[in-house]
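According to mature numbering (1 follows the signal peptide of the UniProt record, and there is no 0), the residues represented by the sequence shown are -24 to -1, 1 to 157, in order. For glycine and all other residues, C-beta sits at the position ideal for the given N, C-alpha and C. Read through the structure below, which is laid out as structure tokens, and then see the notes.
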Amino acid sequence: MKQHRLRYLGVAAVCVITATVAFAQQQRGDWWGNGHMGSGHMGSGVMHGWGWGQMNPGQQQRMQRHWTYMNQGVPGAYRGARSDVRATPQVIAAGRTLYSNNCASCHGAEGLGDGKAGRSLVPSPALLRQFVQMPMSGDEYLLWTISEGGERFGTDMPAFRETLSEEEIWKIIAYMRAGFP
């Protein structure tokens, strides 16, 4: 029951962050804004009637994984997955190297979604610095996301299950959770 409540809290937080980011992107007019969040509902700085139908395709793609997790959980292969990698200075340093080599080109050096290769992606790369601290970002969710990528949800996030070992993925997660030091 506690995990179910945390999952809902995480999804609610993702919705708030997604809406906040979309509004900021629209106001800034920067590359990852990719237009509006639907029918001009955000132009006044207040969201009216916000929902699935008002999201642009990029936001819908991003939210689809979260909706799937909230309603169905992770696929069986990832259910109950827990990292046994301790966040030692050596592990965090290894995670930094792995992150730099595999993730930073899209997600940015500090997890802000501002990597050079990610500039043309729709939806824009996830803001990992904030997301990794959310209750929804449990071990099984992050392992699933990194391992399987975004093909199922129509995003360009590559699957790393054939490229990285599970231990390497846990090291990346440890590095991100350490705050991208």
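Taking 8 Å as the cut-off, the Cβ atoms of Gln37 and Thr131 count as close. Residue range Pro33 to Gln48 is occupied by the alpha helix (DSSP H) that includes Gln40. Check the Cα spacing between Ile145 and each of Gly155, Glu124 and Arg128: the tightest is with Glu124.
Straight through space, the alpha carbons of Leu74 and Tyr151 are spaced by roughly 9 Å. Buried is the label assigned to Ser100, since at least 16 other Cβ atoms lie within 10 Å of its Cβ. Annotation for Gln30: no alpha helix (DSSP H) segment contains it, and DSSP assigns it neither H nor E. The beta carbons of Asp115 and Ala69 sit no closer together than 8 Å. For Cys82, the enclosing alpha helix (DSSP H) has its first and last residue at Ala80 to His83.
Going by DSSP, Thr121 is part of the alpha helix (DSSP H) stretching over Asp115 to Glu124. Taking one beta carbon from each stretch, the stretch 40 to 55 and the stretch 90 to 98 have fewer than 3 pairs nearer than 8 Å; the two do not touch. If you ignore the 5 residues before and after Pro134, its C-beta comes within less than 6 Å of the C-beta of Gly125, all in its own chain and listed in chain order. Here the C-alpha atom of Arg72 lies approximately 25 Å from the C-alpha atom of Glu127.
In terms of Cα proximity to Leu119, the closest of Ser81, Met31, Val61 and Met39 is Val61. Taking C-beta atoms under 8 Å as the contact rule, Asn77 and Phe136 fail to qualify, at a distance of about 11 Å.
Inclusion of Gly87 and Phe156 in the CB contact set at 8 Å is warranted, their separation being smaller than that value. The residues Asp90 and Gly91, in chain order, have a CB closer than 7 Å to that of Gly84 in the same chain once the five nearest residues on each side in sequence are set aside.
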